[in-house]
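Below is one structure, written out as structure tokens, with a few remarks after it.
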Amino acid sequence: MRLKTAFLSIFSALFLGTTLGLAPQARAQAPGGMPPLPIDTAVRIGKLPNGLTYFIRHNEEPKGRAEFYIAQKVGSMQEEESQRGLAHFLEHIAFNGTKNFPGKGIINFLESIGASFGGNINAYTSFDKTVYTLMKIPVPRQSIIDSCILVLHDWSSFISLEDKEIDAERGVIEEEWRRSNSGDMRNMEKLLELAFPGNKYGQRLPIGTMDIVRNFPYQVLRDYYKKWYRPDLQALVIVGDVDVNYVEAQIKKIFADIPAPVGAAERVYVPVADNDKPIVGIVADKEATRNSVIISFKSDVTPAEARATLMGPLEDYVQSILTSMVAQRFNDIVKKPNAPFVNASVEFGPYLIAKTKDAATYGADFKEGQWDTALKGLVAEIVRIKKFGFTPAEFDRAKKEFLVSVKNTFNERNKRTSEAWANVYVDYFEDGGYLLDIPTYYQLNQGLAEQFPLEQINAAAQQFDLNKNVFIGLTSVEKPEVKLPSVEELIKKYEEYLKQEVEAPKNEVSNEKLIDKLPAKGKIVKEQKNAQFGTTIWTLSNGTKVYLKKTDYMEDEILLSGQRPGGYYNLSKATPLDLKILNSVPQVGGLGKFDESALEKALTGRLASLSTSVSGIEDNVSGSTTKEDLETMLQLLYLNFTGIRADKEAFQAWQERTISSIEARKANPLSFLADSVSRFLYPNTPERYPLTIDEVKSVNYDKVLQLFRSRFANARGFNFYFVGNIDEAKLRPLVEQYIASLPAQKVYTDKAQTSRVPQERLGTNSKEYSSPMATPMGIVIDALSVPSTYSQQELLTGAVLESILDQLYTKTIREDAGGAYSVGVQSEVERYPSVRSSVSVQFQTDPAKAVAMNELVFKGLDGIVKNGPSAEYFDKAVKNLKKAHGENLRKNQYWLAQIERFFSQGFDFVTNYDKVLDSVTPQAVQALTKKLYDSKDRTTILFRSSEVQDKK
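Be aware that the sequence shown starts at 233, since it is given in the numbering used here, and climbs by one per residue.
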């Protein structure tokens, strides 16, 4: 969104040289006489003689790890017609052999030091950029840093592109296309063609066309690589626990053999034309699950040079404020019955996917067939903004939300991850703009919020011409009973609705307290210490307990978890339907005196959230907050126990949204599969089956509320766990005020009814399903289980097996057979209703290959049973688990789960993690595999689609 020059120049005069105190070296004049903003001195930016840009930053979050990225200013928009899909194909083939890392050398090297393919080794391609990412790489020695830089060097100019590797990858790309080529994706592809008439942007989805992917000559890919992968269009981004001087020296040394390009092709950013009359796209697909309308108001892009000045932060601030205020309005609408749409949003930024045109894009999802109602409702809000702008109350809430976000960024400035910084530098290289240090960023945005008036915000929101540079898009399911308009009819409706009368928004101020009258305080009656986990334990006067662990992993994060044995299997009067919706319906009414929308407004500017839920065998609490908003989170806790609010209108709105979602899901040919598999795996367990429309209509709202409230009416027996940067002295009185005061009876007798936990179908089972699909689809699901013991040893043996199978199937099913884009492997040790170890394998494939790929699953297991696991795979699995555990030890969420497991279940899976992992042997993995392979408790499910038969 390009802001009006007039008000920009007025505002810039208020700020230049005052708020920022710009350094003299930063005062080189940019367009319009505005100086560029100072660049963060913590990042070293340089350029080699060959044109290669580099960004290097020392950062120790996480310690001992580093990010190594190479970003290219090229993507699918650089493809010729005969190359469609090859930018993405090249990104894949880059992992299959380079000058210094032949074959799978890159992956093998990185996995040998604990990194995982997909998790730490990855890449992505978009319309205008391609980025390769080595993430959280352990860097205990310089030789690893050198090797990672050498990987980036090879990706830059020395990818091998061997014939056999290209042919092997064709099938992998097709499987990636298969899993994404849904009805909604096909609608999007058709919509882009209509949104960009005669423009390359409308015909360059990165996945490409399968005809080209299957058949392109090798040289066509090599031509793209040679033409576009070159140092003047590339940047290295290296951030982490590294010596900046050393990394810079190695970059200069290792990249010295890459010359500057001679006679290089011009990198052109394809312009997007303006339009006097609305452009319209109406698309439908029989398998589409999303019915939506979008309206884009196109505008010129703010030049990168201008965004490097104060205009950049100003534009971002205005867009953030507008997005927040529009979101507030849409949120209020969809929470009411008979809303014109199911949900709605606005986005300020690129016009759909284009880098060369901006837009304000309003979008709404609607109930099947109700495009007219949604269009009228969406246009009404656009007209309301155009005519009246926003109210002071809306502006105040949006500012609070904005300021709390930038304050949190400031508070966590020393804990920002290397990955976050690396992505900032990739975006800066690709798009330009500004690169402030966080204190300056914080100071500047505070000034913007303090001095920029609502009148100017409204001027920015109202600048768009609602008749020119407009695109209207409509996506729908294709059904005989769903009538869609013609292009002319849609334009006529749009023009008609632009003239509708709308009321001015009300200036609804929300400054009420969450709790008017505080409850009588309870007391901490006992305090204990646990050295093993570094926790303090408080026993409270109402029979609850609090466990707290202070950490410094984040500066301003406090997490809360609550747990008590119990759950919905103690609700004797609950029906299966009640259990299905027990954790969704009660929350729609809000808390205390606030309905859901009012509660959200009351919480504006506070980073505090809390939710309660009920599982089959537990009652649960989950929350997060900052040091400043700790009391707010505990007030929400108190209200969740004592003030679940009834709201019949909100419930009706929930019914309407849920029915719409279920109806839309029916168009997905795989929706029946999810339902069928649930019924097959869990017979006579209706609470696990998907909701139906008839069930939603029959929900007894009052009963469900009463059931949910009953689980929290008595707090006795609850244990609450706090982890984070906690000030114990400040927490103590808050715990006494809001937790020790929770209603609690003297006795709590409910137990975890573990015997009632559904048992997945045992025995030897095989089931096949089929359904017509536009894109041929096969799905393979294998599950094997065996009685076991619940221990860390068993869990880690299973984890090692999972990693080994992941590596094995990546090679045999993905790479050798071209049979899947990815193979999902999961190992578990389930405790209830009986302890069982299990492994499951699931993936999508060509239906013609489904049986053969399923055979490869069992061939892999059989190989481990007979010969043991590959020594290479075993070693990589153990190293990756150790790496992940080391990283987890610096995360609050990990410790929250571990202390809850220890104090509620008695299992310590932290203290001796490495020791237990080291005790896992290849023989133990082989033995577990044999038990699973020989087990009679195995299930195989195959889905193979059939061809769609058009009705005549």
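We put the beta carbon where it would ideally sit given N, CA and C, even for glycine.
What you are looking at is a predicted structure, and each value in this text was computed from that prediction instead of being measured.
Sorting Leu542, Glu313, Asp532, Asn282 by C-alpha distance to the C-alpha of Pro267 places Leu542 at the top.
Among the bridge pairs identified by DSSP, Ser1136 is matched with none.
Residue ranges of uninterrupted alpha helix (DSSP H) with 4 or more members, entirely inside the stretch 1098-1135 and ordered along the chain, are 1103-1120.
Gly513 and Val714 have their C-alpha atoms spaced approximately 17 Å apart. Around His1117, the same chain offers Tyr1145 as residues with beta carbons nearer than 7 Å, after the five sequence neighbours per side are excluded. Contact between the stretch 691-703 and the stretch 615-629 is present, with at least three C-beta pairs closer than 8 Å. Val502 carries a coil assignment under DSSP once its states are collapsed to helix, strand and coil.
Taking the CA atoms as reference points, Asp590 sits about 15 Å from Ser552. Here DSSP, grouped into helix, strand and coil, assigns Gly705 to strand. At the C-beta level, Gly798 and Ile747 stay beyond 8 Å of one another.
Of the residues Lys1115, Pro545, Arg964, Leu811, the one whose Cα lies closest to the Cα of Pro270 is Pro545. A check of alpha carbon separations from Arg1063 across Glu728, Leu607, Gln1137, Leu366 identifies Gln1137 as the nearest.
When only Cα atoms are considered, Asp473 and Arg297 end up about 6 Å apart.
Listed as beta-bridge partners of Gly1056 by DSSP are Gln1074. The shortest CA-to-CA distance from Ser1023 to any of Phe359, Arg1133, Asn570, Ala830 is the one to Arg1133. Sorting Tyr433, Asp443, Ala984, Ala516 by C-alpha distance to the C-alpha of Glu406 places Asp443 at the top.
Following the DSSP letters along the chain, one finds Lys530 inside the beta strand (DSSP E) bounded by residues 524-531.
The alpha carbon of Phe1075 has as its nearest neighbour, out of Val550, Thr981, Lys1168, Arg1176, the alpha carbon of Arg1176. Per DSSP, Val741 is not a residue of any beta strand (DSSP E), being assigned neither H nor E. Gly317 sits in coil when the DSSP states are folded into three classes, being neither helix nor strand. About 26 Å separates the CB atoms of Leu792 and Ala878; that is not less than 8 Å, and the two are not in contact.
Taken in chain order, the whole alpha helix (DSSP H) runs of length 4 or more contained in the stretch 358-408 are 374-389. Counted as a single uninterrupted DSSP element, the alpha helix (DSSP H) harbouring Gln451 occupies residues 450-460. Collapsing the DSSP output to three states places Glu735 in coil.
Counting the other Cβ atoms within 10 Å of the Cβ of Lys279 gives fewer than 16, which makes it exposed.
Its chain contains Glu343 as the residues whose beta carbon lies nearer than 6 Å to that of Lys1108, once the 5 sequence neighbours on both sides are disregarded; these appear in chain order. Selection Pro975, Pro1079, Ser903, Asp475 evaluated against Thr521 yields Ser903 as nearest (Cα-Cα).
Between Leu635 and Gln678 the beta-carbon gap is near 7 Å, inside 8 Å, which marks them as a contact. The beta strand (DSSP E) runs lying completely inside the stretch 504-579 and spanning 3 residues or more are 511-517, 524-531, given in chain order.
Only buried fits Val967, as 16 or more other CB atoms lie within 10 angstroms of its CB. Secondary structure of Tyr673 (DSSP, three-state): helix. By DSSP's assignment, His290 forms a beta bridge with Gly472. Measuring C-alpha to C-alpha distances from Glu888 to each of Glu863, Leu584, Lys724, Ala571 identifies Ala571 as the nearest. Here the alpha carbon of Val702 sits roughly 57 Å from the alpha carbon of Ser1017.
The C-beta distance from Thr357 to Ala319 rounds to 5 Å, short enough to fall under 8 Å.
Listed as beta-bridge partners of Lys781 by DSSP are Val955.
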